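Visitor: Chains as they are written, first to last, in the numbering used here: chain A, 23 to 393; chain B, 1108 to 1190.
The beta carbon of each residue, even a glycine, is placed where N, CA and C say it ideally should be.
On a predicted model such as this, the values are computed, not experimentally measured, just so you know.
The structure that follows is given in the form of structure tokens.
In structure tokens, the structure reads:
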């Protein structure tokens, strides 16, 4: 596939790896956080750690929307489907996240709830049009990449007078989560960030400038292909070596400083910032998520069905929270790969392919056995 | 969740959507989030929407960056050229 295959070329990967090996100062330790689950997935799938010197360490970040959603948010969706008998539409990743009472959306579906997996918000609108006598709720999760498509759907529903459609809004914000990671007390030391790919196509590179200017952390925005990640690591090494901290953009083929202004306009019209939102791992983070503006309150399922968020603690054995903060690695969790597997996940990080545990389980778990 | 792929625009539908080719698979996607897309261009597609146009010149430039020689290689090449 054009613009995919070239960015996975093995020979070029060796060239970048040679440059990294040459430029990595053996007296330094480079602790680099890839914020996005997409990067975590690429690093695991293509074995990029094997191409890096031992003193270049990748720390997985919290940029996996399914992972950071706390149990109480999934519980809300399950309650809507079971008690309010709505048609609950959701992106596929979310259905297997364990919730309260040994349930998940998938188990609720098996027990008779009407849960439907969709690919696009357009599918949810179609289901609402086709079922005028039913309430249809879309579980709207995701970072800034996934928010504009929800905004389009809300405006379309408003224009069509599609009154049986609403959303459970769990859209979250990347820069707020990055600030929260840096603010964790006793948190992991980070020398630089591999910045998000597709989030940045929407918001641009500008929102990361405070991390360089105020926190002194280099940021390099990178595409999701393996060579993109390798090149970004090289660019971060160079910044650290030269004592620089700026925002650089490796993903220039899709990211500008301003981002996609049209998409931002859709989002600004439909959403406003929530005062506070609870994240798995990061706890309550101020101004870190979105809710519908009051003019679209009729499409807000939390208001429409009066369904409040109730916080629920994680499974005690699960280390997802520490893993999402970058403080632990998947293999340091006692139940990793034994009790908790992708087939039977205990924590959210084992559910999504972008989750650190699922990525390590699928691609990395035999690596260490060999070493 | 944020995974998205570059897709080639092959045609427009009457409703203003685009038919894209994703490595041989054809799919109808929304162009609501971008301006001025043209047939033949590549767009980054996510959950059924084009998020951004792919800048083909910038893609070539990035590929050239990947192939850059290390400083030692350059030094060797220079020395080799002089001798």
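Does DSSP put residue 49 of chain A in a helix, a strand or coil?
Guide: Sequence index remark: in the first chain, residue 49 of chain A carries index 27 (1-based). It is coil, neither helix nor strand.
Visitor: Taking 6 Å as the limit between beta carbons, can you name the residues of its chain near residue 1190 of chain B, skipping five residues before and five after?
Guide: Sequence index remark: in the second chain, residue 1190 of chain B carries index 83 (1-based). No answer about residue 1190 of chain B holds up, because its pLDDT of 43 lies below 50 and its placement is not dependable.
Visitor: Give me the subset of the region 1129 to 1140 of chain B whose CB atoms are less than 7 Å from a CB atom of chain A, sorted by chain position.
Guide: Taking 7 Å as the Cβ-Cβ cut-off against chain A, the residues of the region 1129 to 1140 of chain B that qualify are 1130, 1137, 1139, 1140.
Visitor: What residue from A:284, A:255, A:148 has the CA that sits closest to residue 245 of chain A's CA?
Guide: Here residue 245 of chain A corresponds to residue number 223 of the first chain, with the count starting at 1. Closest by alpha carbon: A:255.
Visitor: In the structure shown, what three-state DSSP assignment does residue 1128 of chain B receive?
Guide: If you number the second chain from 1, residue 1128 of chain B lands on position 21. DSSP places residue 1128 of chain B in strand when its eight states are reduced to three.
Visitor: Which residue from A:54, A:313, A:67, A:86 puts its Cα closest to that of residue 76 of chain A?
Guide: Looking up residue 76 of chain A in the first chain gives position 54. Measuring from the Cα of residue 76 of chain A, the nearest candidate turns out to be A:54.
Visitor: What first and last residue would you give for the beta strand (DSSP E) that runs through residue 222 of chain A?
Guide: Locating residue 222 of chain A in the first chain gives position 200, counting from the first residue. That residue, residue 222 of chain A, is in no beta strand (DSSP E); its alpha helix (DSSP H) goes 220 to 225.
Visitor: So, is residue 32 of chain A buried or exposed, given that buried needs 16 or more other C-beta atoms within 10 angstroms?
Guide: Within the first chain, the letter at position 10 stands for residue 32 of chain A. So residue 32 of chain A counts as exposed.
Visitor: Since residue 383 of chain A and residue 359 of chain A are thought to touch, with beta carbons under 8 Å apart, how far apart are those beta carbons, to the nearest angstrom?
Guide: Position 361 of the first chain holds residue 383 of chain A. Position 337 of the first chain holds residue 359 of chain A. Contact flag correct, Cβ pair sits at about 6 Å.
Visitor: For residue 170 of chain A, which residues in the same chain have their Cβ closer than 7 Å to its Cβ, ignoring the five residues on either side in sequence?
Guide: Position 148 of the first chain holds residue 170 of chain A. Within the same chain, residue 170 of chain A has close Cβ partners 224, 285, 288, 289.
Visitor: Taking Cβ to Cβ, would you say residue 1068 of chain B is nearer than 9 Å to residue 1151 of chain B?
Guide: This structure leaves residue 1068 of chain B out entirely; chain B is present only between 1108 and 1190.
Visitor: Could you run through the region 1149 to 1166 of chain B and flag, in chain order, every residue whose CB is less than 7 Å away from some CB of chain A?
Guide: Listed by position along the chain: 1149, 1151, 1153, 1154, 1155, 1156, 1158, 1159, 1161, 1162, 1165, 1166.
Visitor: Report buried or exposed for residue 308 of chain A, applying the criterion of at least 16 other Cβ atoms within 10 angstroms of its Cβ.
Guide: Against the first chain, residue 308 of chain A aligns to sequence position 286. Exposed, because fewer than 16 other Cβ atoms sit within 10 Å of the Cβ of residue 308 of chain A.
Visitor: By the criterion of Cβ-Cβ separation under 8 Å, what are the contact partners of residue 1112 of chain B in chain A?
Guide: Working through the second chain from its first residue, we reach residue 1112 of chain B at position 5. What residue 1112 of chain B touches in chain A: 23, 26.
Visitor: Figure out for me which residue from A:381, A:48, A:204 has the closest Cα to the Cα of residue 214 of chain A.
Guide: On the first chain, position 192 is the one that residue 214 of chain A refers to. When only C-alpha atoms are compared, the closest one is A:204.
Visitor: Return helix, strand or coil for residue 1137 of chain B, following the three-state DSSP convention.
Guide: Here residue 1137 of chain B corresponds to residue number 30 of the second chain, with the count starting at 1. Here residue 1137 of chain B sits in strand by DSSP.
Visitor: List, in chain order, every chain A residue whose beta-carbon is nearer than 8 Å to that of residue 1142 of chain B.
Guide: Taking the second chain and counting its residues from 1, one reaches residue 1142 of chain B at position 35. By Cβ distance, chain A contributes 284.
Visitor: What does residue 188 of chain A pair with, by DSSP beta-bridge criteria?
Guide: Within the first chain, the letter at position 166 stands for residue 188 of chain A. Paired residues: A:159.
Visitor: Chain B beta carbons: is any one of them nearer than 9 Å to that of residue 316 of chain A?
Guide: Along the first chain, one-based indexing puts residue 316 of chain A at 294. For residue 316 of chain A, the answer is no, since every Cβ of chain B falls outside 9 Å of its Cβ.
Visitor: Excluding the 5 residues preceding and the 5 following residue 187 of chain A in the sequence, name in chain order all residues of the same chain whose CB lies nearer than 6 Å to its CB.
Guide: For the purposes of this step, residue 187 of chain A is identified with residue 165 of the first chain, where counting begins at 1. Excluding positions up to five away in sequence, the list reads 150, 158, 179.
Visitor: Check whether the Cβ of residue 279 of chain A lies closer than 9 Å to any Cβ atom in chain B.
Guide: Along the first chain, one-based indexing puts residue 279 of chain A at 257. Residue 279 of chain A does not count as touching chain B.
Visitor: Pair every Cβ in the region 46 to 66 of chain A with every Cβ in the region 301 to 320 of chain A, then say whether three or more of these pairs are closer than 8 Å.
Guide: Judged by Cβ distances under 8 Å, the region 46 to 66 of chain A makes no contact with the region 301 to 320 of chain A, as fewer than three pairs qualify.
Visitor: Using the rule of at least 16 other Cβ atoms within 10 Å of the residue's Cβ for burial, across every protein chain shown, is residue 233 of chain A buried or exposed?
Guide: As a working note, residue 233 of chain A is residue 211 in the first chain. So residue 233 of chain A ends up on the buried side.
Visitor: Just checking: is the beta-carbon of residue 1169 of chain B within a distance shorter than 9 Å of some beta-carbon in chain A?
Guide: Counting from one through the second chain, the residue named residue 1169 of chain B turns up at place 62. Yes, its Cβ sits closer than 9 Å to a Cβ of chain A.
Visitor: For chain B, find out if any of its Cβ atoms is closer than 9 Å to the Cβ of residue 95 of chain A; answer yes or no.
Guide: As a first step, residue 95 of chain A must be located in the first chain, where it is residue number 73. No, because no Cβ of chain B sits closer than 9 Å to the Cβ of residue 95 of chain A.
Visitor: Around the Cβ of residue 1156 of chain B, are there at least 16 other Cβ atoms within 10 angstroms (buried) or fewer (exposed)?
Guide: Here residue 1156 of chain B refers to the residue found at position 49 of the second chain. With 16 or more other Cβ atoms within 10 Å, it is buried.
Visitor: So what's residue 123 of chain A in DSSP terms, helix, strand or just coil?
Guide: Locating residue 123 of chain A in the first chain gives position 101, where the first residue counts as 1. Reduced to three states, the DSSP call for residue 123 of chain A is helix.
Visitor: What is the rounded straight-line gap between the Cα of residue 194 of chain A and the Cα of residue 163 of chain A?
Guide: To locate residue 194 of chain A, count along the first chain from 1; it is residue 172. To locate residue 163 of chain A, count along the first chain from 1; it is residue 141. The alpha-carbon atoms of residue 194 of chain A and residue 163 of chain A are separated by roughly 8 Å.
Visitor: Are there 16 or more other CB atoms within 10 angstroms of the CB of residue 51 of chain A, so buried, or fewer, so exposed?
Guide: Indexing the first chain from 1 puts residue 51 of chain A at position 29. Residue 51 of chain A comes out exposed.
Visitor: Answer yes or no: do residue 1128 of chain B and residue 1114 of chain B have a C-beta to C-beta separation smaller than 9 Å?
Guide: The residue labelled residue 1128 of chain B in the question sits at position 21 within the second chain. The residue labelled residue 1114 of chain B in the question sits at position 7 within the second chain. Taking 9 Å as the Cβ cut-off, residue 1128 of chain B and residue 1114 of chain B qualify as a contacting pair.
Visitor: Quick check on the burial criterion: 16 or more other C-beta atoms within 10 angstroms. Buried or exposed for residue 380 of chain A?
Guide: Here residue 380 of chain A is taken as the residue at index 358 of the first chain, counted from 1. The residue is buried, with at least 16 neighbouring Cβ atoms inside 10 Å.
Visitor: Select from B:1131, B:1137, B:1132 the residue whose C-alpha is nearest the C-alpha of residue 1120 of chain B.
Guide: Sequence index remark: in the second chain, residue 1120 of chain B carries index 13 (1-based). That would be B:1137, whose Cα lies nearest to the Cα of residue 1120 of chain B.
Visitor: Within a Cβ cutoff of 6 Å, which residues of the same chain sit near residue 1163 of chain B, ignoring the five residues on either side of it in sequence?
Guide: Taking the second chain and counting its residues from 1, the one referred to as residue 1163 of chain B is at position 56. Around residue 1163 of chain B: no qualifying Cβ.
Visitor: State the Cα-Cα distance for the pair residue 243 of chain A and residue 156 of chain A, rounded to the nearest angstrom.
Guide: As a working note, residue 243 of chain A is residue 221 in the first chain. As a working note, residue 156 of chain A is residue 134 in the first chain. Straight-line Cα distance between these residues: approximately 43 Å.
Visitor: Can you find the residues in the same chain that come closer than 7 Å, C-beta to C-beta, to residue 250 of chain A, ignoring five residues on each side of it along the sequence?
Guide: To locate residue 250 of chain A, count along the first chain from 1; it is residue 228. Hits under 7 Å: 29, 244, 272, 273.
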